[in-house]
Each structure stands twice: as C-alpha cells, then as structure tokens.
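Structure first, then comments.
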Amino acid sequence: MTYAASLPGQPRGGDIAGPATDRAVCVLAPNASAMTLDGTNTWIIAEPDSDLAVVIDPGPLDEGHLRAVIDTAARAGKRIGLTLLTHGHPDHAEGAGRFAELTRTHVRALDPALRLGDEGLGAGDVITTGGLELAVVPTPGHTSDSLSFHLRADAAVLTGDTVIGRGTTLVAHPDGRLGEYLDSLRLLRSMTVDDGVTTILPGHGPVLNDAQGAVEFYLAHRANRLAQVETAVEAGYRDPSEVVAHVYADVDRSLWPAAELSVRAQLDYLGEHGLI
C-alpha cells in the first residue's frame, strides 16, 4: 500500500509491462487504485539460461493473477522455485499462501508471520535460486518489515513500496518510522554511487531508469514536507488532520487519510529530534 501523491518533477520511467531488465519481468496485478497506482508489480526474476525463477510479491489474493504469473514464467521455460516478500501489506502479500500452494514453493519474508517454510530473510542474505545473485537489503520505514533486493547483474534494485514508480510513498505510522525511512533512502542512494545501481524496479508504477535521481528526488521531497510540517506546527496547527489540510492541500482529498499517517510519522520524528 502506498500514498502515491502526484507531484511536479516526479521521476518517471518506462513501461511496466513485460521484461524490464535481462533478468526481471513484471506481471501487473489487477488491483489498480489511488493507493496502488496501476496495480501491484509482481516480479519474476531469473537467470536467462536457468529453468528456475524467483517471484517477488505475488500480490493480492486473485486467482487469475497468480496463475498469470505462473503462466508467464512457464512461457519463458521456467518454473517458480521460491517466493519472496518485500513486506506484509495485503496488496503485496495476501496471495502468497495460495501462490505457494500453486507453485509448491516456500515463502521467505522478514516477518515470521508471513513465512511458509523455515527460512526468513535478513541483512546479508543472498538468494541463489537458479544461479541468481539477489541480495537482501533491509529498508525499513514504509513498514518495519520492508526489504529491498539488489539484483547486481542488472544494476537494479527491487524496492517494494520504499520507492515507487510514480509519486511518493507513505510512512505507515505507527509501524513505519520516518527516521528509519530516511536512513533507508540514504542507503539506496549510496547503492547508486558505490554499487552501480542504475535501475529501480518498484512495487507500483513504472520502472525508474535513473535510480540516483529518483532517490534524490525522494530525499528532497521528504525534507521539504518535513519543513512544511514543522512550519505548520509553529503556526499553531497541532492536530494531525489540521496539519494535513494545511500542508497537503495540493493532494487529492481521497488520499488525506493516508497522508495523515505520514504526518503522524513526521510529528513523531520532529518530537524525537526536539524540533517541536
């Protein structure tokens, strides 16, 4: 689940349908909404010469979509060997149990409640199914269990909801925390500099082919919003709903409840740092 505000200067990328890199193919779930953009991006990741694939975020519990993922892999001569989750929001994870039944795979996630099988996911883990090298990158903040996956061979990172393809995402207070989210964005930015990451494969929206520009946009946007919230509090707006109405007046009102979660996270952050 995202808070996908449409913003001037937002990063944009290419088509989300079909192949995105040499090793990544997207199957779009039919759950488009204001919170999910075009729908959830379910990613099939595989080495070109392997008959095994990894699926990241099977998406909602939609039988047609789950079977479409399996069929897409099969048409490429591959079967699903493992299922991974970026985080536990239903639009990414609700279908994981049924998908595991259909594919007879384990589900690995940071949150033990989401796992099917003995193995979880954590910092330093590297997925090697079918010859892949897919490194686990903890990126909490959107949620406490948010993960990204570094696909080094394609100079790409799969970010779930931490960075999405259009607009910005929410910090899902109280589970999500702004300080952790900012640290995660800084980590992703460092990966664009130190690890050569050029492409973001997001959980929603189009592929971002300027990874560094996208992350820097996110950091600048967060700094700007945080300053706006701090100014609003100084002007006497104390209730989160009042702050939303003042700061997020440019955002569709249908997204204000989601924006309020981010505002609560920002207020917590400002309070923790003695800024309000």
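Every letter in the sequence shown is one number past the one before it in numbering that gives the first Met the number 0, and letter 87, counting from 1, is 86. The beta-carbon is built from N, C-alpha and C at its ideal position, and this holds for glycine as well.
Own chain partners of residue i with C-beta closer than 8 Å, once the 5 adjacent residues on each side are dropped
| i | result |
| --- | --- |
| P111 | G119 |
| A116 | Reading off the sequence, residue 116 comes out as Gly, not Ala. For G116, where only same-chain residues beyond five positions count, the Cβ hits under 8 Å are H105, V106, R107. |
| V243 | W255, A258, E259, V262 |
| A99 | T82, H105, V106, L115 |
Spatial neighbours of residue i in its chain, beta-carbon cut-off 7 Å, leaving aside the 5 residues before and after
| i | result |
| --- | --- |
| P10 | Legend: pLDDT at P10 = 40, less than 50; position of this residue unreliable, value from coordinates given subsequently. For P10, where only same-chain residues beyond five positions count, the Cβ hits under 7 Å are L207, D209, G212, A213, F216. |
| D21 | P47, D153 |
| H91 | T39, D56, G58, L84, T85, G159, G202 |
| A19 | C25, L200, V206 |
Integer Cβ distance of residue i from residue j, believed to fall under 8 Å
| i | j | result |
| --- | --- | --- |
| G80 | T104 | 6 Å |
| G175 | A264 | 6 Å |
| G87 | T142 | 7 Å |
Spatial distance of residue i from residue j (CA atoms)
| i | j | result |
| --- | --- | --- |
| L148 | G123 | In the sequence under discussion, the amino acid at residue 148 is Phe, which differs from the Leu named in the question. Their Cα atoms are separated by approximately 11 Å. |
| G166 | W42 | 20 Å |
| E271 | T198 | 34 Å |
| A95 | P137 | 20 Å |
| T127 | R107 | 13 Å |
| G76 | L146 | 28 Å |
| V24 | E233 | 47 Å |
| L260 | L181 | 16 Å |
| L131 | L254 | 38 Å |
| T82 | D249 | 38 Å |
| V68 | A45 | 13 Å |
Query raised in the report: Between the region 201-220 and the region 160-172, are three or more C-beta pairs nearer than 8 Å?
Result: Contact between the region 201-220 and the region 160-172 is present, because at least three Cβ pairs lie under 8 Å.
Report task. May I have a chain-ordered list of the beta strand (DSSP E) segments no shorter than 3 residues that lie completely inside the region 107-173? Result -> You should have 133-137, 146-150, 155-159.
Report task. Scan the region 187-218 and note each continuous alpha helix (DSSP H) run of 4 residues or more that stays entirely inside, going in chain order. Result -> Runs found: none.
Query - Every unbroken beta strand (DSSP E) inside the region 15-60 [3 residues or more] - result: Within the region 15-60, the complete beta strand (DSSP E) runs of at least 3 residues are 23-27, 40-44, 51-55.
Requested in this report: Give a yes or no on contact between the region 61-72 and the region 28-39, applying the rule of three or more CB pairs nearer than 8 Å.
Outcome: Put simply, the region 61-72 touches the region 28-39. At least three CB pairs are less than 8 Å apart.
Query raised in the report: Can you give, in chain order, each stretch of the beta strand (DSSP E) that sits fully within the region 62-97 and has at least 3 residues?
Result: Entirely contained in the region 62-97, the beta strand (DSSP E) runs reaching 3 residues are, in chain order, 78-83.
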